[in-house]
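Participant: Following this message is one structure expressed as structure tokens.
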Amino acid sequence: MTWSGASLVALLASAALAGAAQAQPSWQCSASAVSNSLAGNAPANPVTSSANPCVSNATGLDSLPSPLGLPPGGLTARTSSATTIATPGDEIPARQAVGAVGRVENLSIQLPPGSGTTALGVRAANAQTSGLCIAGSPVLDGSSEATGITIGGQEVPIEQAATQLAQQLAPLGDAVDLKFNEQVRTGSSLTINAIHLKVLSAAGTPVLDVRMRET
């Protein structure tokens with residue numbers, strides 16, 4: 200089984216658990232607080248914890264390193280953390296409970312990157328996933344939460360954030376895909392993104408992809 204945990208890419212958080220070969224079942228887990236990709240390049244993922252087989256571990260930063268592949272100030276956060284859990288630590292995988300948690304506080308994303316014309320803010324976002332074996336099969340669950348969503352410094356209802364952000368960037372020709380509590384299941388895996396933001400140019404080419412996720 201595989202578990203991975205939090206990444207930020209214009210998405211706020213995600214979590215996942217997947218099944219490995221039946222011959223040697225094990226839990227693989229990872230958590231990342233922020234995953235960011237600019238213009239389709241490989242993502243930057245500065246706060247992450249992963250292990251195969253899964254073990255309990257935690258990491259975090261008071262501030263994200265610059266520039267994360269973005270122009271200075273393009274993406275900032277006051278705190279970020281990634282935690283994986285496997286308990287009991289000395290048991291075989293079939294008798295363990297595993298989990299992953301990703302969290303970011305006071306996140307700010309400058310849109311378009313480096314221009315400063317619009318800022319998407321999030322007071323706090325976290326995603327968590329959990330998994331255990333029942334009758335030899337992995338059972339996965341998870342949830343996420345994002346609070347204090349702001350656009351240009353003004354707080355907006357979470358259900359209106361995608362529409363208002365799209366309106367802000369429309370004059371530039373950019374298209375916005377903003378999702379909250381995105382859950383993706385593939386086989387025996389679960390990924391949860393507290394926030395997933397994608398920005399495309401008028402030609403459909405990637406401008407920015409940001410996520411907070413657990414897998």
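Per this note's numbering, the very first residue in the sequence shown carries number 200; after that it's consecutive. The C-beta atom is built at its ideal place from N, Cα and C for all residues, glycine as well.
1. Roughly how far, in whole angstroms, is the beta-carbon of Q327 from the beta-carbon of S342, given that I think they are within contact range, below 8 Å?
2. Between the Cα of L274 and the Cα atoms of Q309, D289, A281, I284, which residue gives the shortest distance?
3. Suppose the cutoff is 7 Å on Cβ atoms and the five residues either side in sequence are ignored; what does the same chain contact list for T346 look like?
4. Looking at the structure shown, is Q188 part of a helix, part of a strand, or coil, going by DSSP?
5. Would you kindly check if the distance between the Cβ of V300 and the Cβ of T325 is under 8 Å?
6. Compute the distance between the beta-carbons of L319 and I357, then report whether it is under 8 Å.
7. Is S255 closer than 8 Å to A230 when the C-beta atoms are compared?
8. Would G298 be called buried (16 or more neighbouring beta carbons within 10 Å of its own) or exposed?
9. Around the C-beta of T404, are 16 or more other C-beta atoms found within 10 angstroms, so that it is buried, or is it exposed?
10. Taking all protein chains shown into account, do 16 or more other C-beta atoms lie within 10 angstroms of the C-beta of V338, making it buried, or fewer, making it exposed?
11. Could you have a look at R384 and say whether DSSP puts it in helix, strand or coil?
12. Output the distance between the C-alpha atoms of P252 and S225, rounded to the nearest integer angstrom.
13. For E358, does the three-state DSSP call read helix, strand or coil?
14. Quick one: give me the first and last residue of the beta strand (DSSP E) that Q327 is part of.
Facilitator: Inspection of the coordinates gives the following:
1. 6 Å
2. Q309
3. R322, A323
4. Residue 188 lies beyond the residue range present for the chain, which begins at 200 and ends at 414; the question has no answer from this structure.
5. A small fix is needed here, since residue 325 is Asn in this sequence, not Thr. Contact flag set, yes.
6. no
7. no
8. buried
9. exposed
10. exposed
11. strand
12. 6 Å
13. helix
14. 317 to 333
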